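Numbering (my numbering), first residue to last: 353 to 730.
Here a beta-carbon is modelled for each residue, glycine too, at the ideal position from N, C-alpha and C.
These figures come from a predicted structure and were not determined experimentally.
The structure appears right after this line, and notes come after that.
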Ligand code: SF4
Ligand code: SF4
C-alpha cells in the first residue's frame with residue numbers, strides 16, 4: 353500500500369502560481385467559469401476566470417446563480433457541463449478519406465489531443481470519469497478519442513464544502529470527499545482571518561507540482577477545518593436514494609405503472625442524457641461532398657430518448673416515451689452493473705436540475721420501490 357502523502361497549506365493568494373506552473377508544463381488549463389447565467393467549464397487563463405464569490409441554487413428543473421458573502425473560488429456545486437465534454441467531445445471527426453484515382457485513401461490525421469489540466473473536479477465527477485474510462489477503455493477495443501485525451505490529463509480535484517438540493521452522492525458512495533484518481537486534491541477553507549487551501553498530492557505528477565508551490569505544513573486545526581467542510585457537504589445533501597437491491601427491484605418492476613405515468617410528463621428532450629457525466633451513447637454519420645471526392649465520418653452525442661435511437665428495420669423498439677425513460681433509468685441503475693460492473697449513476701443531480709419538467713430520478717426510484725407491482729420473490 354502506498355503511504356499517505358503529506359498535506360500542506362496553500363494560501364489563496366498563491367493559487368495563481370498553481371495555474372502558472374501548469375501552463376509552464378504545457379497543460380491546457382480548463383475549469384469552472386461563469387457564463388450565460390451558469391457555471392460552465394471553459395479555458396482558465398487566470399484565477400480571475402473562476403466564478404469567485406458566486407454560488408448556485410438548484411432544484412428539480414431550476415438553476416440560479418447568486419452572490420456569496422465571501423470570495424470563495426469553488427463555492428458552488430456542479431453545473432450543466434461535465435468533463436465528458438473534453439474527454440468525449442459532443443462532435444468528433446472519426447476519420448476522413450479523399451478520392452485517389454479509382455479508389456479512396458484514408459487521410460492521415462495530424463491533430464494531437466490537447467494535454468488537459470482539469471481544475472476543480474468534484475468527487476462525483478471523478479467517479480464519472482472513471483466510469484467512462486471503463487466504457488471507453490475497459491473492453492477489448494479502446495476508443496482512441498477518449499484514450500488519447502485521457503492519457504496526459506491531469507486532475508486537480510476539489511472536495512465539496514457544500515451540496516446542492518439535487519445532490520445525492522452519499523447514496524451512491526461517490527462523494528463528497530475525493531477518494532482516488534486525482535493528481536492533486538484541494539479543500540478550500542475560509543474563516544474570519546484566513547482564506548487558504550489544504551492541498552495533497554495523489555500521484556507522482558501531482559507531488560512534483562506541489563513541490564514547486566509556496567506551501568507550508570498543515571496544523572491539526574487545518575485538518576479539522578478541512579474535515580468540517582466535507583461534513584458540511586454531507587449534511588447539506590439535498591436528496592437520497594436507497595440503492596439496496598435496486599437492480600432486482602427495477603428488473604421485476606418492468607411493467608410497473610409508474611413508467612406509463614412518466615409518459616405524460618417526460619418531453620423526451622434528452623437533456624438528462626446530455627447533462628449526465630456518464631451517458632455515452634452516440635450517433636455516427638457519414639457525409640460526402642457533392643462531387644464525391646471527399647468523405648468524412650462524424651460521431652456526435654446521441655440520446656436513448658429519441659425515437660431514432662432504437663430504430664431497427666422499419667420501426668423503433670421503444671416507441672413510447674415511458675419505455676425510453678425506463679430504458680434510461682434501468683440502464684443507469686441496473687443493467688449498467690451487468691455491463692460494466694458499476695452503477696451508471698454518480699448522484700451528481702444534473703439530470704434533476706436540468707430536466708425542464710423537473711423529473712427526479714430519486715423520486716422515480718422511490719415511487720417504484722414503494723409500489724412494487726412485480727413478484728417480489730423474483
Ligand atoms: S443519472 Fe443523473 S444523477 Fe446520475 S450521474 Fe447521470 S446526471 Fe448525475
Ligand atoms: S426526463 Fe426530463 S430531461 Fe430527460 S428526456 Fe424526459 S423531460 Fe427531458
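Report yes if the CB atom of residue i is closer than 8 Å to the CB atom of residue j, and no otherwise.
{"i": "residue 661", "j": "residue 652", "result": "no"}
{"i": "residue 480", "j": "residue 585", "result": "no"}
{"i": "residue 449", "j": "residue 379", "result": "no"}
{"i": "residue 547", "j": "residue 423", "result": "yes"}
{"i": "residue 552", "j": "residue 713", "result": "no"}
{"i": "residue 411", "j": "residue 418", "result": "no"}
{"i": "residue 681", "j": "residue 695", "result": "no"}
{"i": "residue 430", "j": "residue 593", "result": "no"}
{"i": "residue 541", "j": "residue 574", "result": "yes"}
{"i": "residue 562", "j": "residue 508", "result": "no"}
{"i": "residue 315", "j": "residue 674", "result": "The question about residue 315 has no answer here: the residues shown for the chain are numbered 353 through 730."}
{"i": "residue 618", "j": "residue 677", "result": "yes"}
{"i": "residue 391", "j": "residue 438", "result": "no"}
{"i": "residue 706", "j": "residue 432", "result": "yes"}
Tell me whether residue i, by its Cβ, gets closer than 7 Å to a heavy atom of ligand 1.
{"i": "residue 629", "result": "yes"}
{"i": "residue 733", "result": "Given that the chain is displayed from residue 353 to residue 730, the structure contains no residue 733 and the question cannot be resolved."}
{"i": "residue 478", "result": "no"}
{"i": "residue 684", "result": "yes"}
Can you tell me whether residue i sits near ligand 2, meaning its C-beta is under 7 Å from at least one heavy atom of the ligand?
{"i": "residue 642", "result": "no"}
{"i": "residue 701", "result": "no"}
{"i": "residue 310", "result": "In the structure as shown, the chain starts at 353 and stops at 730, and residue 310 therefore has no counterpart that could be examined."}
{"i": "residue 560", "result": "no"}
{"i": "residue 707", "result": "yes"}
{"i": "residue 620", "result": "yes"}
{"i": "residue 657", "result": "yes"}
{"i": "residue 536", "result": "no"}
Quick check: what's the CA-CA separation for residue i versus residue j?
{"i": "residue 626", "j": "residue 383", "result": "19 Å"}
{"i": "residue 401", "j": "residue 667", "result": "48 Å"}
{"i": "residue 440", "j": "residue 486", "result": "13 Å"}
{"i": "residue 711", "j": "residue 646", "result": "44 Å"}
{"i": "residue 420", "j": "residue 638", "result": "48 Å"}
{"i": "residue 688", "j": "residue 445", "result": "27 Å"}
{"i": "residue 453", "j": "residue 642", "result": "17 Å"}
{"i": "residue 500", "j": "residue 488", "result": "11 Å"}
{"i": "residue 362", "j": "residue 596", "result": "41 Å"}
{"i": "residue 458", "j": "residue 436", "result": "27 Å"}
{"i": "residue 669", "j": "residue 606", "result": "15 Å"}
{"i": "residue 720", "j": "residue 555", "result": "42 Å"}
{"i": "residue 665", "j": "residue 368", "result": "56 Å"}
{"i": "residue 578", "j": "residue 543", "result": "11 Å"}
{"i": "residue 357", "j": "residue 560", "result": "12 Å"}
{"i": "residue 387", "j": "residue 600", "result": "42 Å"}
{"i": "residue 620", "j": "residue 657", "result": "5 Å"}
{"i": "residue 632", "j": "residue 393", "result": "19 Å"}
{"i": "residue 634", "j": "residue 462", "result": "24 Å"}
{"i": "residue 704", "j": "residue 464", "result": "36 Å"}
Across which residues does DSSP place residue i in a beta bridge pair?
{"i": "residue 562", "result": "In DSSP, residue 562 forms no bridge with anything."}
{"i": "residue 723", "result": "Residue 723 is not bridged to any residue."}
{"i": "residue 410", "result": "415"}
{"i": "residue 649", "result": "447, 638"}
For a test of your reading of the model: does the CB of residue i fall under 7 Å from any non-hydrogen atom of ligand 4? Yes or no.
{"i": "residue 623", "result": "Among the ligands present in this structure, namely ligand 1 and ligand 2, ligand 4 is not found."}
Check: So does the region 463-478 actually touch the region 527-537, counting three or more Cβ pairs closer than 8 Å?
Finding: yes
Next item on the list: Mind the definition here: the region 516-524 touches the region 699-716 only if three or more C-beta pairs lie below 8 Å; say whether that holds.
Entry: yes
Notebook entry, point to check: Okay, do the region 559-574 and the region 490-498 touch, 3+ Cβ pairs below 8 Å being the bar?
Noted result: no
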